[in-house]
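Going by the numbering used here, 404 is the number at position 20 of the sequence shown; the sequence numbering is gapless. Just so it is clear, CB atoms sit at the ideal spot from N, CA and C, and this is done for glycine as well. What follows is a set of notes on a single structure, which appears directly below.
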Amino acid sequence: MKESKEVYERISEQFEDFTARASQRKVEVDTFRSMVGNVEGLRILDLACGHGFFSRQLKDWGAAKVHGVDISENMIYQARQANDGIAYEVRDVAKMGRIGAYDMVTAAWLFNYASSVDELSKMFQSAADNLKPGGQLVAYTANPSFELRKGNFTRYGIEVFDETPVAGGFRCNAQFMSSPPAPFTYYRWEQGVYEEAARVAGFNQLTWVAPLISEHSRTSMGAGYWQLFERNSLQIGLTCRK
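Given below as structure tokens:
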């Protein structure tokens, strides 16, 4: 996680450019919206909130309170500039412990920055510690089933350079296709590693959710554009209950 903090302190502006330009972003939002469902009146903790994009989406969708946390000071600084009435603070999710009792915890692009299976487990535990009984964790992360040999993800916004085996998964070097491109490192953990970390943290009913590509996205990008995305997606959603 320290590695990802250093990266995002350096590339926070390029990351905002990436999220504005990448075609995968609309897919992320549509999938995330489908997974969280009706958030009217809910108290939500948004982990790895970055510059606050999904925090603001959750508030716009009707959440009563949204609390965003991120390890990057630059990201939190950018998030606060929106003056959106959302509380943002700098925290390391793997070390933060319990900071409240929430109806839902969201984690878009958090777990793929755990640098070890142990750190991944601590992130899941932090999510569980901050959920009320029966609360839901909604996450978006690197797909355990992605295979670089089947094709890259460059046209959708991320180019993967290489994947090095580590215990429980792969350490991956990549770059956001921003202007200019921004290199970063993430981890692609095995499905069983995710499921065990969730189970140990006290979660159940874990469900993997394939990215949702809307009819509008299909027609606007042209025939065949999403074929590789669907055949070998770099991203996937997951939900589970406490």
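Near residue i, what residues of its chain come up, given a Cβ to Cβ distance below 8 Å and the 5 sequence neighbours on each side ignored?
i      : result
ASP546 : LEU532, CYS556 and ASN557
TRP610 : ILE597, SER601 and ARG602
MET658 : Past the edges of the chain, shown from 385 to 626, lies residue 658, and the structure says nothing about it.
ASN496 : THR525, ALA526, TYR570, TYR571, ARG572 and TRP573
I think residue i touches residue j, with their Cβ atoms under 8 Å apart; what is that distance to the nearest whole Å?
i      : j      : result
CYS624 : LEU494 : Not confirmed; about 14 Å, so no contact.
ALA512 : LEU431 : In fact, because the Cβ distance is near 12 Å, the residues do not count as touching under 8 Å.
VAL450 : ILE428 : 5 Å
Excluding the five sequence neighbours on either side, which residues of its own chain have a C-beta within less than 7 Å of the C-beta of residue i, listed in chain order?
i      : result
ASN588 : CYS624 and ARG625
TYR486 : ARG427, ILE428, LEU429, ASN514, LEU515, LYS516 and GLY519
GLU424 : GLY446
What three-state label does DSSP hand residue i in the structure shown?
i      : result
LYS389 : Note that LYS389 scores a pLDDT of 49, beneath 50, so its modelled location is shaky and nothing firm can be said.
ILE460 : helix
ASN557 : strand
LEU426 : coil
ALA523 : strand
MET480 : coil
LYS534 : helix
LYS449 : strand
ASN475 : Note on residue identity: the sequence assigns Arg, not Asn, to residue 475. DSSP places ARG475 in coil when its eight states are reduced to three.
ASN496 : helix
TYR540 : helix
TYR578 : helix
ASP468 : coil
PHE545 : strand
With a CB to CB cut of under 6 Å and the five nearest residues on each side skipped, what residues in its chain are close to residue i?
i      : result
ALA633 : It is not possible to answer for residue 633, since the shown part of the chain is limited to 385 through 626.
LYS389 : With a pLDDT of only 49 at LYS389, under the threshold of 50, the placement of this residue in the model should not be trusted, and no figure is reported.
GLN509 : ALA585
ALA492 : PHE438 and TYR524
Relative to the ligand ATP, is the shortest distance from any of its heavy atoms to the C-beta of residue i smaller than 7 Å?
i      : result
HIS435 : Ligands displayed in this structure: none; no statement on the ligand ATP is therefore possible.
Could you work out which residue in the options is closest to residue i when comparing CA atoms only?
i      : options                           : result
ARG417 : TYR609, GLU614 and LEU596         : LEU596
ASN422 : CYS433, LYS410, GLN408 and ASP444 : ASP444
ASN467 : VAL489, ARG440 and ILE483         : ARG440
GLY553 : TRP592, ARG464 and VAL501         : VAL501
ALA566 : VAL544, VAL577, GLY576 and GLU574 : VAL544
GLY576 : GLN408, THR569, PRO564 and THR591 : THR591
ALA594 : GLY484, GLU614 and ALA582         : GLU614
LEU612 : VAL550, LYS410, PHE537 and VAL489 : PHE537
ALA551 : ILE483, LYS534, GLN559 and GLU574 : GLU574
**Request:** Spell out a yes or no on whether the segment 603-621 and the segment 526-534 are touching, meaning 3 or more CB-CB pairs, one atom from each, closer than 8 Å.
**Result:** yes
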